[in-house]
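Comments concern the structure below.
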Amino acid sequence: MAAKEKVLKFIDIFGDKMQEHRQALTDMDQAIGDGDHGINMSRGMKAVAEKREELAQKNISDLLKDVGMTLVSKVGGASGPLYGTAFLKASMVVKGKEELNAQDLSDMLKALEDGVVTRGKATTGEKTILDSLVPAIEAYDRALAAQKPIKEAMQEAEKAAFEGVEYTKTIIATKGRASYLGERSIGFQDPGATSMAYLIQSIQEAL
């Protein structure tokens, strides 16, 4: 399967996961946030799905850019700008590429992180998207350094992402609405970290 088809497949899978887990993500967000994360993400990815034919005509960079722009314009709350900027940053690192190798994927993952950090001004340990994304990137790069194949490296990234989600239950939120709860945010998993883990899982499943 060519790289563009894999990217499209990843976006399809992620969209399906956002519909499937819409209620669970919203329930998580109602416990500690604005209560709309699942609704917003499913709405955004539905808007992306409606452009599927148009996206399929674009190159990889423009395709990712279009997904990012759609999420920024269609998704409310914090998640739209965060995910939108992440996709926009990822589109920049693959500009001009028709094929993607293992290092390109590492660069894309780091660009996702750059987008989230740029927009959210967060770091790890604050109960955010980064608590699943950063461990995933680190696990992927470790696997590549050990010369593991790309599929296996992404499986390790997926495992680390979901371990990161579990970790968010143990820490105090210091960003966003959840931060108002202080210590009462302990025990709840972060919905943004959870949706990001599904994104990592979607990349793995598309390979």
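Take the sequence shown: its position 97, counted from the start at 1, is 96 in the working numbering, and no numbers get skipped. Glycine is no exception: its CB is placed at the ideal position from the N, C-alpha and C atoms. Model, not experiment: these values are computed from the prediction.
query: In chain order, which continuous runs of the alpha helix (DSSP H) of length 4 or greater are located wholly inside the region 113-197?
result: Along the length of the region 113-197, whole alpha helix (DSSP H) runs at least 4 residues long occupy 129-144 and 149-167, reported in chain order.
message: For Gly95, tell me which candidate among Ser178, Lys174, Asp61 and Val133 has the shortest Cα-Cα distance.
response: The alpha carbon of Gly95 has as its nearest neighbour, out of Ser178, Lys174, Asp61 and Val133, the alpha carbon of Asp61.
query: How about Ala159 and Val115: do their beta carbons lie closer than 8 angstroms?
result: No, the Cβ-Cβ distance between Ala159 and Val115 is not below 8 angstroms.
- prompt: Nearest to Lys45 by CA position, among Asn58, Asp26, Leu70 and His36, is which residue?
  reply: Among Asn58, Asp26, Leu70 and His36, the Cα nearest to that of Lys45 belongs to Leu70.
- request: Could you check how far apart the C-beta atoms of Ser201 and Lys16 are, in whole angstroms? I think they sit under 8 angstroms.
  value: 6 angstroms between Cβ atoms; contact.
query: If we count the other Cβ atoms within 10 Å of its Cβ and call it buried at 16 or more, is Ala145 buried or exposed?
result: Ala145 should be labelled exposed.
message: Below 8 angstroms, how does it come out for the region 171-188 and the region 145-154: are there three or more Cβ pairs, yes or no?
response: Cβ pair count under 8 angstroms is below three, so no.
- prompt: Taking the C-alpha atoms as reference points, what is the distance between Arg51 and Asp33?
  reply: Computed Cα separation, rounded: 29 angstroms.
Inter-residue spacing [alpha-carbon to alpha-carbon] between Met107 and Met195: One C-alpha to the other measures close to 14 angstroms.
- prompt: What number of angstroms, rounded off, separates the C-alpha of Ala135 from the C-alpha of Leu104?
  reply: One C-alpha to the other measures close to 12 angstroms.
message: So, under 8 angstroms CB-CB, Ala156 and Ile199 are touching, yes? Tell me the CB distance rounded to an integer number of Å.
response: Distance from Ala156 to Ile199 at the Cβ level is roughly 6 angstroms; contact confirmed, criterion being Cβ atoms closer than 8 angstroms.
Start and end residues, alpha helix (DSSP H) containing Ala2: For Ala2, the enclosing alpha helix (DSSP H) starts and ends at Ala2 to Glu19.
- request: Helix, strand or coil for Ala77, going by three-state DSSP, please let me know.
  value: For Ala77, the secondary structure class from DSSP, reduced to helix, strand or coil, is coil.
query: Taking Cβ positions, are Gly79 and Lys73 nearer each other than 8 angstroms?
result: Cβ atoms of Gly79 and Lys73: closer than 8 angstroms.
- prompt: Any idea if Asn100 is buried or exposed, counting beta-carbon neighbours within 10 angstroms, 16 or more meaning buried?
  reply: So Asn100 ends up on the exposed side.
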